[in-house]
Structure formats: structure tokens, C-alpha cells
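First residue of the sequence shown: 124, per the working numbering; consecutive thereafter.
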Amino acid sequence: MSEIYGVIDMIKIKICGITNKKEIEYVNILKPDYIGLVFTQSKRKVNNEIAVRLLNELNSDIKSVGVFRDNSIKEILNVISEVKLDVIQLHGKEDLEFIKELRKNLNQEVKIWKALSITNNDDIKKYVNKNKINENYIESFLIDGANPGSGESYSLEDLKLSINIKSKEMTLNSDSKRNKFFLAGGINEKNVLGRIEQVNPMGIDVSSGVEIIDEDGQHIKSFEKMKILIDKVRNIQG
């Protein structure tokens, strides 16, 4: 293990866009911290019935995240009424008033995460750096690329400036404090350590970066890619 990696807070891992039983079998073996189920328009979208079946097979140690994008509160509550989710991830233009109203209608055990686009520097500064959002409403933030789920990578230089990360803080040693957001967008088993080292997030969110294309031309999760990525991240902690 590299000397730059000391014993510090464990980086959380979320594998997003789970769609079938085989992928549930994979994550049950590999044990990421979270899986993501997409309930908004996407090639990885699942309906309530499929989500219930998948979660019935999921290891109880792994938490479930429902991904929504500009859905109405009614639509989100409809899903929650049938699907037992641990986290609601809002990936659209939902503002604080929307989030407050949603929070009032959720069981307190269900957490809310807000995704922010790397293209919206003002939001990143407002929400992450200045921490103006009340933690009673939003537990965590997720910073993604311009096209979520596309696998496109992006420069982290603007993000480092937005959240006041200096280069001297980029060694992941025992004195480091994780920045309070999940990093998403273009992460794969080859670049994951470099991405983490640049911005030191509390967690990573991966979807297309651990996929392959099957013989039918469908994007499916790769056990090998997930294993390599998860092993690398777990080894940071030693």
C-alpha cells in the first residue's frame, strides 16, 4: 500500500444503475456501501415492481438509494410507499423549498442527497463550501459531470477551487479530512485512485465506469471491473 494512504475515514462506495438480479448477486459478493436504483428517465430506469424484487435479494448491509430527477413529490412518495429505500437522491433542479416539503413527508430514517452539476459552480460554492443547507434536510451532496450516467470524465481543477482544496492537502494521510460530498462522473477502475486523491471525497458514485457491453449491445455491470475498483478503494484504508 502506498505510504500516502494512512488510516482515515473509510471512503463510501455507491454502485448506481442496478437493473437486474445478476447485478444484485455481484454486489452481494463485493459489498459496496450503497447501490442506486434509477426511477427517472434513463436506460437504467426500473419500475416499482422490479425495484422491490431486487431489494428483496439485496444483502441487508448494503443501503439502497433511489435516484430521481425533477420528479414531483407525489411521484417520489409513490415510489417510497412501495419500495423500501434508505436514501432519496435528487438529481435535477430541486430547490431547498422542494427539499423541505419532501422532508416533511418522509420517514426520518430516509435520508436525502442532492446532486450538483460540475457546470454549476455557484451551486457548488453555495451548498458544499459554505455549508448553508441545513443538515436536517440534506445529509450529503454528490458532484457529477454535465451528463450524469454518461461515463464522461471532467477536470477537477474548478472543483478544487470552488471548495478551497489546496494541492498540499491532496495526500490522503491520517491528518486529512474527507470533503463532505460524493464524487461521480467518469470514475472507473483505472482512474479511481487519482480522482480520489485530487479532491478527497467522502465517497464515490460509479455507474457506467464499471460496465461492459454484452453480445446484445446492452450495457451491463462487470463483476471484474467492480471488484477491481472496490478493492482499490478499500485498500486506501489498509
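All C-beta atoms, glycine included, are put in the ideal place defined by N, C-alpha and C.
Residue range of the alpha helix (DSSP H) that includes residue i
| i | result |
| --- | --- |
| residue 315 | 315 to 322 |
| residue 199 | 196 to 205 |
| residue 334 | Per DSSP, residue 334 belongs to no alpha helix (DSSP H); it is in the beta strand (DSSP E), 334 to 336. |
| residue 223 | 219 to 227 |
Which residues DSSP lists as bridging residue i, in chain order
| i | result |
| --- | --- |
| residue 267 | 240 |
| residue 174 | Answer by DSSP bridge pairing: none, since residue 174 is not bridged. |
| residue 156 | Looking at the DSSP assignment, residue 156 forms no beta bridge with any residue, so it has no partner. |
| residue 326 | 135 and 305 |
| residue 234 | 210 |
| residue 343 | 335 |
| residue 168 | 161 |
Limits of the unbroken beta strand (DSSP E) element including residue i
| i | result |
| --- | --- |
| residue 187 | 186 to 191 |
| residue 358 | Run containing residue 358: none in the beta strand (DSSP E); it sits in the alpha helix (DSSP H), 346 to 359. |
Buried or exposed (CB count within 10 angstroms, at least 16 for buried), residue i
| i | result |
| --- | --- |
| residue 137 | buried |
| residue 352 | buried |
| residue 176 | exposed |
| residue 358 | exposed |
| residue 217 | buried |
| residue 340 | exposed |
| residue 344 | buried |
| residue 212 | buried |
| residue 328 | buried |
| residue 312 | buried |
Sequence-distant residues of its chain with Cβ nearer than 6 Å to residue i (five each side left out)
| i | result |
| --- | --- |
| residue 125 | In this predicted model, residue 125 has a pLDDT of only 36, less than 50, meaning its place in the structure is not dependable; the value taken from the coordinates is given anyway. Closer than 6 Å at Cβ, skipping near neighbours: no residue. |
| residue 208 | 187 and 189 |
| residue 261 | 235 and 237 |
| residue 307 | 265, 267 and 328 |
Contacting residues, own chain, Cβ-Cβ under 8 Å from residue i (five flanking each side not counted)
| i | result |
| --- | --- |
| residue 196 | 221, 224, 225 and 228 |
| residue 325 | 132, 134, 135, 263, 301, 302, 303, 304 and 305 |
Beta-carbon contacts of residue i that lie in its chain and below 7 Å, excluding the five residues immediately before and after
| i | result |
| --- | --- |
| residue 375 | Lying before the first or after the last residue shown, residue 375 is absent from the chain, which here runs from 124 to 361. |
| residue 336 | 342 |
| residue 290 | Only weak support is given to the placement of residue 290: the predicted model assigns it a pLDDT of 45, under 50, and the value that follows is read from those uncertain coordinates. If we look at residue 290 and ignore the five residues flanking it on each side, it has no Cβ neighbours. |
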